[in-house]
Every structure is written in structure tokens, then in C-alpha cells.
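Residue numbers for the sequence shown, in numbering that gives the first Met the number 0: 0 to 233. Virtual Cβ for every residue (Gly too), placed ideally from N, Cα, C. Remember, predicted model here, so these are calculated numbers, not experimental data.
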Amino acid sequence: MKGKKQIFLIFIFLGCVFSVLLFAVLRLDFFKINQIEVMGIKRVSEKEVIKRSGLILGKNMVFFSDSDVIREILKNPWITDVHIKREFPGRVIIEIKEAEPFCIVSGEDGELYYMSELGKRLGKANFSVGLDFPLLTGEGIGNPKLLEEALEILRFSLRSTVLTWKEISEINTNPIYGITVFSTDGRRVDFGQENIEKKWYRVERIISHARGINLTEKYINISSGNMGVVDFKL
């Protein structure tokens, strides 16, 4: 009987301790948000990140859900990753990783949008971020396969020395004719569809050979995949 009484008293004591700790967590300023810091932003405003997070100064910083905050912030297309840190007393840090624009795509609404290297559409193109990006156009933009082939060409151009990313002004996508690349100096390359990697390396060899004999190609058709048709500038 005595043992049961001791256990009962222990439970009462622990309950009182828990209640005091809970009161402290809920009421003391030590656990209230008094500063929200957003790090890593370049194109997204701090105000938007905080608004999406749902965090409010004075709110308890212990009981909000990191996953809920992260999910809401990630709804902004520019944001690819979010990390939440709590620093007592009262400081919450939101670390943001933003997507980098890889090209500009012509939307169905006639507007121009930035697109990431993975094909994620970002915000509308504007002068503050810049417009010096390759432009993806054509009826095939809505075709996932054609879009991926256009992006594949841009990825190859990043490490090319003969047809670089900066030299590509436009990539047109057409459901019938496939991919056509236009360079900043007026050259045109017809890739057609499929086997883009194989065709890309053939185009590189054609351009390299032309430069070796002091010729500049103005048109290359590699769409068949077996041979290239070349028209040179004389």
C-alpha cells in the first residue's frame, strides 16, 4: 500500500513539473519568435518567404511544423530547397536555395518565362534578372519529349567549344520537323528528333572541320542521323 502511495506521489510530482515546463514554453519570451531571418534569397523577396511560411512574431517557436512551413515556401517556383533552424532565444532562420534560370521559354499566353535546367518553369522574364538567355519557341514546347531534347542540346552546349550556350539564340521545337537551333551569328542547325547526343557530336565535328579549312557553315541538317547536309558561307 505504501509503495502504491509513493508511485502516486511521484506521478503527481512529475505532472506538476511537466505543467510548469509547458507553461514556460507557452508563456516565456524565451520561446517566442522575435526575429525571422531569411538567407540565400536573390530573386524572391524576404516578405514573400515570410508570408508563405506563416510564421508570425510573437508566435511560439517550438510548436510550429517545419514540414508545413517548408511545403508552403516551396510553392514558389523559384525555390528549390528550404531549411529551417531555430536559435534560442526567439530567432528563426529560413535558409533558401533558389533555381537558376537556364533559358527563356515562350508561354501559351504569349509571355516569356524563365526555365530551369530541369525544365521547371520559373517566373516571367524581366530586365532585372536579364534577357540574355537562349529562347525556346514553337508548337512543340508543350511536348515533354521535344522540350527535354531542346534542354539536352543546351546542356551539351555548356561544355562545347564550337557551339556554346552563349552562341545559341533560339531553339525552335516543332511536332513534325523536330528541333532547329539558331545561333547568334545567323547559323541554323536542324536536329530533327531523337538521338540528340549522337547528332550533337556529329554537328561538333562538322563545325570543327569547317573551321580547320577556314569555312563557316550557315546551315547544317543532321536530322537523318546518318549524314549531315552542310551549306557554307563563302
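- Under the three-state reduction of DSSP output, Y200 falls in the helix class.
- Below 8 Å, enough C-beta pairs join the stretch 128-138 and the stretch 89-109 to call them touching: three or more.
- If the five residues before and after E196 are omitted, its C-beta is found closer than 6 Å to no C-beta atom of its own chain.
- The three-state secondary structure of K84, taken from DSSP, is strand.
- Look at R158 here: in three-state DSSP terms it is coil, with no helix or strand label.
- In this structure, the CA atom of K46 is about 42 Å from the CA atom of T160.
- Taking I83 as the centre and dropping the five residues before and after it, the same chain places the C-beta of D65, V68, I69, V91, I92, I93 and E94 closer than 8 Å to its C-beta, in chain order.
- Cβ-Cβ separation between E97 and I40: approximately 7 Å, consistent with a contact (criterion under 8 Å).
- Scanning the stretch 126-158 for uninterrupted alpha helix (DSSP H) segments of 4 residues or longer gives 143-157, listed from N- to C-terminal end.
- Take the alpha-carbon of N33 and the one of R42: they are about 25 Å apart.
- When E169, T183, R158 and L130 are compared, the shortest CA-CA separation from A149 is found for E169.
- Here the alpha carbons of P88 and V61 stand approximately 11 Å from one another.
- In the DSSP assignment, T79 forms no beta bridge with any residue.
- Under the three-state reduction of DSSP, R51 is assigned to helix.
- Beta-bridge partners assigned by DSSP to S105: L111.
- With contacts defined by Cβ atoms closer than 8 Å, G122 and P174 do not form a contacting pair.
- Rounded to the nearest whole angstrom, the C-alpha separation of L54 and K31 is 11 Å.
- In this structure, E166 places its C-beta atom within 8 Å of the C-beta atom of T183.
- Going by beta carbons, G139 and T172 fall inside the 8 Å limit.
- For D189, there is no enclosing alpha helix (DSSP H); the residue is found in the beta strand (DSSP E) stretching over R187 to G191.
- Per the DSSP secondary-structure output, Y176 pairs with nothing in a beta bridge.
- By alpha-carbon distance to S156, the top candidate from K217, N220, E203 and R51 is E203.
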